[in-house]
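Below you'll find the structure, written out as structure tokens, and then a few comments.
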Amino acid sequence: MSLAPSAEISRSDRTSTARHYLMCRPEFFTVSYSINPWMDPGEGTDTARAVGQWESLRQAYESLGHRVSLIDPIEGLPDMVFAANGALVVEGRVYGAKFAHAERAAEGPAYLDWFIRRGYETLAPSFTNEGEGDYLTLDDVILAGTGFRTDVASHMEAQEFLGRPVVTLRLVDPRFYHLDTALFPLDGHNVAYYPGAFSAGSLRVLQRLFPDAVIASAADAEVLGLNAVSDGRNVVVNAEATGLILELKRRGFEVVPVDLSELRKSGGGPKCCTLEIR
Ligand code: ARG
Numbered sequence: 074m075s076l077a078p079s080a081e082i083s084r085s086d087r088t089s090t091a092r093h094y095l096m097c098r099p100e101f102f103t104v105s106y107s108i109n110p111w112m113d114p115g116e117g118t119d120t121a122r123a124v125g126q127w128e129s130l131r132q133a134y135e136s137l138g139h140r141v142s143l144i145d146p147i148e149g150l151p152d153m154v155f156a157a158n159g160a161l162v163v164e165g166r167v168y169g170a171k172f173a174h175a176e177r178a179a180e181g182p183a184y185l186d187w188f189i190r191r192g193y194e195t196l197a198p199s200f201t202n203e204g205e206g207d208y209l210t211l212d213d214v215i216l217a218g219t220g221f222r223t224d225v226a227s228h229m230e231a232q233e234f235l236g237r238p239v240v241t242l243r244l245v246d247p248r249f250y251h252l253d254t255a256l257f258p259l260d261g262h263n264v265a266y267y268p269g270a271f272s273a274g275s276l277r278v279l280q281r282l283f284p285d286a287v288i289a290s291a292a293d294a295e296v297l298g299l300n301a302v303s304d305g306r307n308v309v310v311n312a313e314a315t316g317l318i319l320e321l322k323r324r325g326f327e328v329v330p331v332d333l334s335e336l337r338k339s340g341g342g343p344k345c346c347t348l349e350i351r
């Protein structure tokens with residue numbers, strides 16, 4: 074660990090690229106059902122607080138120079154705020170989502186319609202998949218989660234439609250039910266991840282592909298620190314992920330901490346709220 078003063082370690086030659094994100098204001102956010110271990114409908118949620126935290130996230134993206142488009146929230150779909158699950162977009166081609174749970178099923182067509190109405194080339198999926206929740210795109214490969222939500226058959230469907238190699242990774246810890254709760258791309262070639270979320274074989278795949286990865290601790294994973302968004306230089310990450318934040322700074326990233334504690338009651342963090350249109 075570096076002991077350099079923070080002014081020195083935050084100086085960086087890492088470069089960001091401008092991004093376009095799709096987000097959904099959590100006007101109807103609540104926890105009324107439980108489809109992952111984070112969700113306790115008895116705990117109570119504060120929708121106004123969720124909207125406030127989400128607005129800070131949106132402002133963080135805009136102040137970094139990124140473009141944010143919005144999709145209208147739909148009453149009765151409290152998890153629609155988690156836009157990452159709505160699709161996977163690579164080079165303008167939109168692979169639609171097909172949700173594993175009935176409670177979220179209507180979100181798939183709602184997100185796909187947003188893209189169809191804007192003239193994108195789309196594919197309605199045959200197999201269950203939860204969009205960028207389980208698909209993370211790097212320059213040469215797409216990393217794809219399975220085990221809890223996305224059907225491995227969807228991995229082949231995505232590869233055929235998008236023309237980028239898809240690497241299957243098996244998730245084994247129900248708290249980290251989507252790939253984006255356990256891993257995030259730092260840039261087009263490297264990632265950060267929590268080893269405990271993956272099967273032994275998938276861990277070896279990650280070690281082979283990313284020998285220089287940032288390895289996160291259980292403590293950082295348990296505050297959804299891996300559910301972060303990097304533009305290649307700036308990393309938007311839950312503020313409680315203190316160990317991960319130190320390591321990111323040491324590696325020359327600029328860290329943009331956010332508080333999304335209200336949305337975490339549903340098992341979501343910054344990345345879950347963010348669908349990249351690339
Ligand atoms: N409550 C939602 C679910 O369980 C949270 C989704 C979080 N999204 C994500 N990309 N990890 O489906």
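Under the numbering used here, the first residue of the sequence shown is numbered 74, with each subsequent residue one higher.
The beta carbon of each residue, even a glycine, is placed where N, CA and C say it ideally should be.
Distance cut-off 7 angstroms: residue i Cβ against heavy atoms of the ligand ARG
| i | result |
| --- | --- |
| A289 | no |
| A301 | no |
| D152 | yes |
| M229 | no |
| N109 | yes |
| T254 | yes |
| F271 | no |
| H251 | yes |
| R351 | no |
| R177 | yes |
| F326 | no |
| F155 | yes |
| M112 | yes |
| G341 | yes |
| N311 | no |
Buried versus exposed, by CB contacts within 10 Å (16 or more), residue i
| i | result |
| --- | --- |
| H174 | exposed |
| P238 | exposed |
| T90 | exposed |
| G159 | buried |
| D119 | exposed |
| G218 | buried |
| G117 | exposed |
| G355 | Beyond the ends of the chain as shown, which are 74 and 351, falls residue 355; an answer cannot be given. |
| Q126 | buried |
| G149 | exposed |
| R277 | exposed |
C-beta contact flag for residue i and residue j at 8 angstroms
| i | j | result |
| --- | --- | --- |
| P343 | V310 | yes |
| R306 | R87 | yes |
| P99 | V154 | yes |
| S275 | L242 | yes |
| L317 | D332 | no |
| G181 | F172 | yes |
| T103 | P146 | no |
| V264 | F283 | yes |
| D304 | H93 | no |
| V308 | L321 | yes |
| E349 | V162 | yes |
| A133 | V328 | no |
| I144 | Y184 | yes |
Assumed close pair residue i, residue j - CB separation to whole angstroms, cut-off 8 angstroms
| i | j | result |
| --- | --- | --- |
| A123 | E335 | 4 angstroms |
| G206 | L244 | Going by Cβ atoms, the distance from G206 to L244 rounds to 11 angstroms, so no, they are not a contact pair. |
| E194 | G236 | Actually they are not in contact, since the Cβ atoms of E194 and G236 sit about 12 angstroms apart, beyond 8 angstroms. |
| L130 | C346 | 6 angstroms |
| E72 | R191 | The chain is shown from 74 up to 351; residue 72 falls before or after that span and cannot be answered. |
| V302 | A314 | With a Cβ gap of about 13 angstroms, V302 and A314 do not count as contacting. |
| L95 | S136 | Rounded, the Cβ-Cβ distance is 18 angstroms, inconsistent with contact. |
Test: residue i CB closer than 8 angstroms to a CB of chain D
| i | result |
| --- | --- |
| F200 | Going by chain labels, chain D is absent from the structure shown, which holds only one protein chain. |
Below 8 angstroms, how does it come out for the region 219-239 and the region 279-293: are there three or more Cβ pairs, yes or no? Short answer: they don't touch.
Three-pair Cβ contact test at 8 angstroms for the region 249-258 versus the region 184-199: Contact fails: fewer than three Cβ-Cβ distances are below 8 angstroms.
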